[in-house]
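One structure is given below, encoded as structure tokens.
There are 2 protein chains.
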Amino acid sequence: MLDPSVPNALDLRVLTALRKIIRSVDLYSRELKNKSEVTAPQLICLLAIVRNGPMSATSVSREVFLSPSTIVGILDRLEIKGLVKRERSQKDRRIVMVSATPLGTTLVARAPSPIQDVLKRRLQELPLREQEDISRSLERVVELMEADHVEAAPILELGPIPQKTTQEDKGPQEF
Amino acid sequence: MLDPSVPNALDLRVLTALRKIIRSVDLYSRELKNKSEVTAPQLICLLAIVRNGPMSATSVSREVFLSPSTIVGILDRLEIKGLVKRERSQKDRRIVMVSATPLGTTLVARAPSPIQDVLKRRLQELPLREQEDISRSLERVVELMEADHVEAAPILELGPIPQKTTQEDKGPQEF
DNA sequence: GTCAAATAATTCGTACACCAATAATTGGTA
DNA sequence: TACCAATTATTGGTGTACGAATTATTTGAC
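Here the protein sequences line up with chains G and R, keeping their order. Going by the numbering used here, the letters in the first sequence line up with residues 339 to 513, in that order. Going by the numbering used here, the letters in the second sequence line up with residues 339 to 513, in that order.
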């Protein structure tokens, strides 16, 4: 299926592959919603909350690599479904502590994985060496993409979770 | 958060990488918008239209791997900006032919790549063999994700078959 | 020739996902 | 004390992205 004869279609191939992956992830989320009443982002957040115990919204945000404003909407939907509970902290009234309800904990226990089961399973079926290749390639792409706007995406693991440093908007980088 | 000592962290590595890539693509799209007035999805569609000449909306949809309903919104925004033109076909009045305006063609000529310039540039700097590795790995992931639910029949439980996956995040670290 | 199925585009509703701006607090400092 | 900067959550606005339902039109079967 790969035609090496085409000269520089490589970056297009990469872009197309990325877009297909993104689409695939989205489609799986909708599938998940039909099965377990929650979407992938919701499940991911709920998992983080169950695992860590009561935590602030900002902590959730950093934990799952999504912006705080995105988290608000997800928590809203989880709360409406009775899966999480929001409570203003007494010590610092700016903070909202989010915790899982019994219902939420139960759901987490039996929900499917937030990512393609198929992907996960098939990945594990591959020869270890190929698994390595894939991991490394993907991480390579991440590096290549991050190189430029470092402060844009909270990435880099290690240590405490990243946090974005917003200021610094300079005008110019290139493009 | 990721502990390299854990044996089968490979699938986690893959998922975390995918998640970061998706986020990075999204952030770049916003950056692109500030620079060239169009987002990445808009530019990708416009590129397809300029490259192929006048084409139906459905063709665009297939070309860029997005659903027709998504395309409608993107075309709306491109049309408002005067970059494309919609015309009902005479032969088959169900079809809407989309073509780029001179303005749209001009924009395409000087717009940055819809994919991170950095990524593109750096990708090209790598040894050809590594470029191939990356492309192949990404395409492999696409296969793994798609392989399964090509056409599952809605036989079990309620409703039509599920599908989900959203573009946004997929579960990162543990789950 | 006349309907029914198929096709094309669109609309509607849901859910992300982000940034910018805002409100409410808190902590530090003049 | 009064004020100001930082922190936290939220709101508002834009733009994807999808499936389901709708409308218009064409094609196919009879």
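Note that beta-carbon positions come from the ideal geometry of N, C-alpha and C, so glycine has one too. All values derive from a computational prediction rather than experimental measurement.
TODO: Figure out for me which residue from Ser374(G), Ser394(G), Glu401(G), Arg424(G) has the closest Cα to the Cα of Leu445(G).
DONE: Ser374(G)
Task: Selection from Glu417(R), Arg424(R), Ser362(R), Val352(R) that minimises the alpha carbon distance to Ser405(G) - done: When each option's Cα is compared against that of Ser405(G), the closest is Ser362(R).
Open item on the list: With a threshold of 7 Å on Cβ separation, who are the neighbours of Val402(G) within its own chain once the five nearest residues in sequence on each side are excluded?
Closed with: Excluding sequence neighbours, Val402(G) sits near Ile382, Cys383, Ala386.
Task: Per-residue DSSP class, three states only, for Lys423(G) - done: strand
TODO: Work out the CA separation of Lys458(R) and Leu464(R) for me, nearest whole Å.
DONE: 10 Å
TODO: Please check if any C-beta of chain R sits within less than 8 Å of the C-beta of Val398(G).
DONE: no
- [ ] With DSSP collapsed to three states, give me the class of Ala355(R).
- [x] helix
Open item on the list: Can you confirm whether Gly477(G), when its beta carbon is compared against all beta carbons of chain R, has any partner nearer than 8 Å?
Closed with: As written in the sequence, residue 477(G) is Glu, which differs from the Gly given in the question. With 8 Å as the cut-off, Glu477(G) counts as an interface residue toward chain R.
Task: Three or more C-beta pairs below 8 Å linking the segment 464 to 481 of chain R and the segment 475 to 482 of chain G - done: Flag = yes, the segment 464 to 481 of chain R and the segment 475 to 482 of chain G touch.
Task: Proximity test, Cβ basis, 8 Å: Leu413(G) and chain R - done: no
Task: Residues bridged to Met393(G) (per DSSP) - done: Answer by DSSP bridge pairing, in chain order: Val436(G).
Task: CB of Ile412(G) within 8 Å of CB of Leu356(R), strictly - done: no
Task: Beta carbon proximity, Leu421(G) to chain R, threshold 8 Å - done: no
Task: Arg467(G) at chain R interface by Cβ criterion, 8 Å - done: no
Open item on the list: For Ala378(R), count the other beta carbons within 10 Å of its own beta carbon; 16 or more makes it buried, fewer makes it exposed. Which is it?
Closed with: buried
Open item on the list: Please state whether the Cβ-Cβ distance between Ala395(G) and Ile418(G) is less than 8 Å.
Closed with: no
Task: Distance, Glu369(G) Cα to Gln428(R) Cα - done: 39 Å
TODO: Give the DSSP-derived three-state secondary structure of Asp414(R) in the structure shown.
DONE: helix
TODO: Report the three-state DSSP secondary structure of Lys429(R) (helix, strand or coil).
DONE: Of the three classes helix, strand and coil, the one that applies to Lys429(R) here is coil, per DSSP.
- [ ] For Val410(G), decide whether its Cβ has a neighbour in chain R, counting only Cβ atoms nearer than 8 Å.
- [x] Chain R, which has no Cβ nearer than 8 Å to the Cβ of Val410(G), makes this no.
Task: Proximity below 8 Å, CB of Leu421(G) to CB of Gly391(G) - done: no
- [ ] Mark Gln380(R) as exposed unless 16 or more other C-beta atoms lie within 10 angstroms of its C-beta, in which case mark it buried.
- [x] With 16 or more other Cβ atoms within 10 Å, it is buried.
Task: Contact list for the segment 353 to 365 of chain R against chain G, Cβ threshold 7 Å - done: Leu353, Ala355, Leu356, Arg357, Lys358, Ile359, Ile360, Arg361, Ser362, Val363, Leu365
Open item on the list: If you measure between the beta carbons of Leu461(G) and Leu466(R), is that distance less than 8 Å?
Closed with: no
Task: Minimum Cβ-Cβ distance from Asp393(R) to chain G less than 8 Å - done: Strictly speaking, residue 393(R) in this sequence is Met, with Asp absent from that position. Proximity of Met393(R) to chain G, defined by a Cβ-Cβ separation below 8 Å, is not satisfied.
TODO: Measure the alpha-carbon distance for Arg305(G) versus Asp414(G) and round it to whole angstroms.
DONE: This structure leaves residue 305(G) out entirely; chain G is present only between 339 and 513.
Task: For Leu350(G), the three-state DSSP class (helix, strand or coil) - done: helix
Task: C-alpha distance - Val352(R) paired with Arg389(R), whole-angstrom precision - done: Val352(R) and Arg389(R): Cα-Cα distance of roughly 34 Å.
Task: Residues that Val434(G) contacts on chain R, provided the C-beta gap is smaller than 9 Å - done: Within chain R, no C-beta atom comes less than 9 Å from the C-beta of Val434(G); the nearest is roughly 21 Å away.
Open item on the list: My assumption, with CB atoms under 8 Å, is that Val436(G) sits in contact with Val398(G). Please give the rounded CB distance.
Closed with: At roughly 6 Å, the Cβ-Cβ gap stays under 8 Å, so Val436(G) and Val398(G) are in contact.
Open item on the list: Can you pull out the residues from the segment 425 to 449 of chain G whose beta carbon lies closer than 7 Å to at least one beta carbon of chain R?
Closed with: Hits within the stretch: zero.
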